[in-house]
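As numbered in the working numbering, residues 22 to 392 make up the sequence shown, in order. Don't be surprised by glycine CBs; every beta carbon is placed ideally from N, CA and C. See below for the structure under consideration.
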Amino acid sequence: MTQQPVQANDLRALWSEIEDDALEAVRRVGRSGWFVLGSEVATFEQELGRLHGVEHVVGCASGLDAIEIALRAAGIGAGDRVITTPLTAFATALAIERAGAEVCFADVDSSGLIDLGQVESALERDPAIRAVVPVHLYGQSVDIARLGGIAERHDCLVIEDAAQAVCGDADGAPLGSTTVGAATSFYPTKNLGALGDGGALLTNDAQIAEAARQLRDYGQSAKYEHSTLGLNSRLDELHAAILRSALLPRLPRALTRRSQIAQRYLQEIDNPALRMLDPATRSTWHLFPIFTGDPALRDDLQASLGESGIGTAVHYPILASDQQALAGRQFGSFPVAAGLAGSELSLPIHPYLSDPKVDRVIATVNEWKPA
Ligand SMILES: *Cc1c(COP(=O)(O)O)cnc(C)c1O
């Protein structure tokens, strides 16, 4: 008997669940005759703000744009340096450069999150660093209270990359609620994935929200009046309607299911050749990373799971600081991040993963022996 594959993500299963609600949302928008930045976007923004726990949500065209817009709304641009982690989606570094600033990096700790001690020493050495972009990697929360203290001592702003952590909090404070804000992404595989691209800025700062609303719409402050050089990063009514009516109402349950699967992996994966995150870590469990002790073994584990029909992914095989697009810059070296980039493997974790499939992942991972 051939076993069904265990997919890393299952967006067809998502569609089967939401089809009726999504089609109803499409009809509603079609009949309204209003397709960009209208009442669907405004209502979705309010409802996401309520669920996540911030006062203002500004829908954008992507997570990348939401980071750029947050930086620019906070006045970060040409002449400023911005520090982030090299172990992230390239979009984090790209958004900093697109805002006109210059990206630099600090190494991560063993959980994959930016090392706050290294951020502090970088800020001490380099007063040109005006902002920090921590990434809530895998869905884990960076210690925002501690980072906020470090940033304040060095007169530096914090803009959070919460693309993987919508509805996350740090010590009980919703992400983005105590800083300039947090950018999130509605890329289809994210925890709140749309049927296409989208993103949002989450903030409690009314001025930042207002500046972001202008920036996403050509820098328009009133109709036909352009006070800054903005971008076109508007959220479509269709996406907003589907997000609001079909996806957002299912997010709490989806997050609970992700967390259940993570708890099972944490409790039942028991293979001395593998390391997992600290079971006490606070996370929205966008991803479930495991780490092989020896980097060369990661590919062997991935191939072995693949032969058993289990889909996995690597987050991220190449550090942002090593990307060709940034060639020629002197960034220094990031040994912990490089080690994780070479040894991380993301196990399937999504709301449509059944218990028998979770059983199979656990059994297969436990049986694997380093070659
Ligand atoms: C997905 C992601 C982004 C970019 O979001 P898009 O919507 O794809 O532009 C940025 N940062 C991180 C950490 C991400 O995972």
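Can you look up A149 in the DSSP assignment and give me helix, strand or coil?
Stepping through the sequence shown from its first residue, residue 149 is reached at position 128. A149: coil per DSSP, three-state reduction.
Comparing the CB of D182 with every heavy atom of ligand 1, is any distance shorter than 7 Å?
As a first step, residue 182 must be located in the sequence shown, where it is residue number 161. Yes - ligand 1 has a heavy atom lying nearer than 7 Å to the Cβ of D182.
Pull up the distance between the alpha-carbon of P377 and that of T385, whole angstroms please.
The sequence position of residue 377 within the sequence shown is 356, counting from 1. The sequence position of residue 385 within the sequence shown is 364, counting from 1. Each residue's CA atom was taken as its position, placing P377 and T385 some 12 Å apart.
Endpoints, beta strand (DSSP E) assigned at H77:
Mapped onto the sequence shown, residue 77 falls at position 56. H77 -> beta strand (DSSP E) spans 77-81.
Just to confirm my understanding: we take I229, look at its own chain, exclude 5 residues before and 5 after, and list those with CB closer than 8 Å. What are they?
For the purposes of this step, residue 229 is taken as the residue at position 208 of the sequence shown. Once the five neighbours on either side are set aside, the close Cβ partners of I229 are H77, A91, A94, A95, V201, G202, L222.
Compare the C-beta of G59 against all C-beta atoms of chain D and say whether one is closer than 8 Å.
Included in the structure is just one protein chain, with no chain D present.
Reference T302; option with closest CA among H157, Q139, Q25, V140
Translated into the one-based positions of the sequence shown, residue 302 becomes position 281. In terms of CA proximity to T302, H157 leads the group H157, Q139, Q25, V140.
With P273 as the anchor, note down where its alpha helix (DSSP H) starts and where it stops.
Translated into the one-based positions of the sequence shown, residue 273 becomes position 252. DSSP places P273 inside the alpha helix (DSSP H), whose first and last residues are 272-289.
Enumerated in chain order, which unbroken segments of the alpha helix (DSSP H) with a length of 4 residues or greater are wholly contained in the segment 23-77?
The alpha helix (DSSP H) runs lying completely inside the segment 23-77 and spanning 4 residues or more are 32-53, 60-73, given in chain order.
Indicate the three-state DSSP secondary structure (helix, strand or coil) for I88 in the structure shown.
By one-based count along the sequence shown, residue 88 stands at place 67. Helix at I88.
Within 10 angstroms of the Cβ of I339, are there 16 or more other Cβ atoms? Answer buried if so, exposed if not.
As a first step, residue 339 is located in the sequence shown; it is residue number 318 there, counting from the start. It is exposed - the Cβ of I339 has fewer than 16 other Cβ atoms within 10 Å.
For the beta strand (DSSP E) holding S375, just list the boundary residues, first then last.
As a working mapping, residue 375 is identified with position 354 in the sequence shown. Where S375 is concerned, there is no enclosing beta strand (DSSP E), given that its DSSP letter is neither H nor E.
With a threshold of 16 other CB atoms inside 10 Å of the CB of P148, please say whether the residue is buried or exposed.
For the purposes of this step, residue 148 is taken as the residue at position 127 of the sequence shown. An exposed status is given to P148, since fewer than 16 other beta-carbon atoms sit within 10 Å of its beta-carbon.
Looking at C-alpha atoms only, which residue of G98, E365, V379 is the closest neighbour of H371?
To locate residue 371, count along the sequence shown from 1; it is residue 350. Measuring from the Cα of H371, the nearest candidate turns out to be V379.
Taking 8 Å as the threshold (C-beta atoms), are L256 and V62 in contact?
As a position in the sequence shown, residue 62 is number 41, starting the count at 1. As a position in the sequence shown, residue 256 is number 235, starting the count at 1. With contacts defined as CB atoms closer than 8 Å, V62 and L256 qualify as a contacting pair.
State the start and end residues of the unbroken beta strand (DSSP E) segment that holds L115.
Looking up residue 115 in the sequence shown gives position 94. In the DSSP annotation of this structure, L115 is not part of any beta strand (DSSP E); the continuous alpha helix (DSSP H) holding it starts and ends at 111-119.
By Cβ distance, which residues of its chain are closer than 7 Å to N387, with the 5 residues on each side in sequence left out?
On the sequence shown, residue 387 is found 366 positions in, with the first residue counted as 1. The residues I290, D291, N292, in chain order, have a CB closer than 7 Å to that of N387 in the same chain once the five nearest residues on each side in sequence are set aside.
Taking only the alpha-carbon atoms, compute the straight-line gap between L108 and A362 and give it to the nearest angstrom.
Along the sequence shown, one-based indexing puts residue 108 at 87. Along the sequence shown, one-based indexing puts residue 362 at 341. Distance between the alpha carbons of L108 and A362 is about 7 Å.
So, is S354 buried or exposed, given that buried needs 16 or more other C-beta atoms within 10 angstroms?
Taking the first residue of the sequence shown as 1, we reach residue 354 at position 333. Residue burial annotation: S354 is exposed, with fewer than 16 other C-beta atoms found within 10 angstroms of its C-beta.
Output the distance between the C-alpha atoms of L374 and G330, rounded to the nearest integer angstrom.
Counting from 1 along the sequence shown, the entry for residue 374 is found at position 353. Counting from 1 along the sequence shown, the entry for residue 330 is found at position 309. Spanning the alpha carbons of L374 and G330 requires a straight line of approximately 14 Å.
Quick one: using the 10 Å Cβ neighbour count with 16 as the cut-off for buried, is R274 buried or exposed?
Taking the first residue of the sequence shown as position 1, residue 274 is located at position 253. Counting Cβ neighbours within 10 Å, R274 comes out exposed, since fewer than 16 surround it.
Just to confirm, does V156 get its C-beta within under 7 Å of one of the non-hydrogen atoms of ligand 1?
Position 135 of the sequence shown, counted from the start, is the residue given in the question as residue 156. Yes - ligand 1 has a heavy atom lying nearer than 7 Å to the Cβ of V156.
Give me the residue from S280, R119, Q288, S53 with the minimum Cα distance to S304.
Indexing the sequence shown from 1 puts residue 304 at position 283. The candidate whose alpha carbon is nearest that of S304 is S280.
Say the cut is 7 Å; is the CB of A114 nearer than that to a heavy atom of ligand 1?
The residue you call residue 114 lines up with position 93 of the sequence shown. Checking every heavy atom of ligand 1 against the Cβ of A114, none is found closer than 7 Å.
Tell me C125's beta-bridge partners as DSSP assigns them.
The count along the sequence shown starts at 1 and reaches residue 125 at position 104. Looking at the DSSP assignment, C125 forms a beta bridge with I104.
Note down, in chain order, each residue of its chain lying with its Cβ closer than 6 Å to the Cβ of D128, except the 5 sequence neighbours on either side.
Against the sequence shown, residue 128 aligns to sequence position 107. Residues of the same chain with a CB within less than 6 Å of the CB of D128, apart from the 5 flanking positions on each side, are D136, Q139, F355, V357, A358 in chain order.
G169, enclosing alpha helix (DSSP H) - first and last residue
For the purposes of this step, residue 169 is taken as the residue at position 148 of the sequence shown. Unbroken alpha helix (DSSP H) run through G169: 165-174.
Name the DSSP bridge partner or partners of H247?
The residue labelled residue 247 in the question sits at position 226 within the sequence shown. Answer is Q241, bridged to H247.
Taking a contact to mean a Cβ-Cβ separation below 8 Å, would you say A122 touches I88 in this structure?
Position 101 of the sequence shown, counting from 1, holds the residue named residue 122. Position 67 of the sequence shown, counting from 1, holds the residue named residue 88. Here A122 is not near I88, since their CB atoms are 8 Å or more apart.
If you count every other CB in all the chains shown that lies within 10 Å of the CB of W306, and 16 or more means buried, which is it?
As a position in the sequence shown, residue 306 is number 285, starting the count at 1. Looking at its Cβ environment, which holds 16 or more other Cβ atoms inside 10 Å, W306 is buried.
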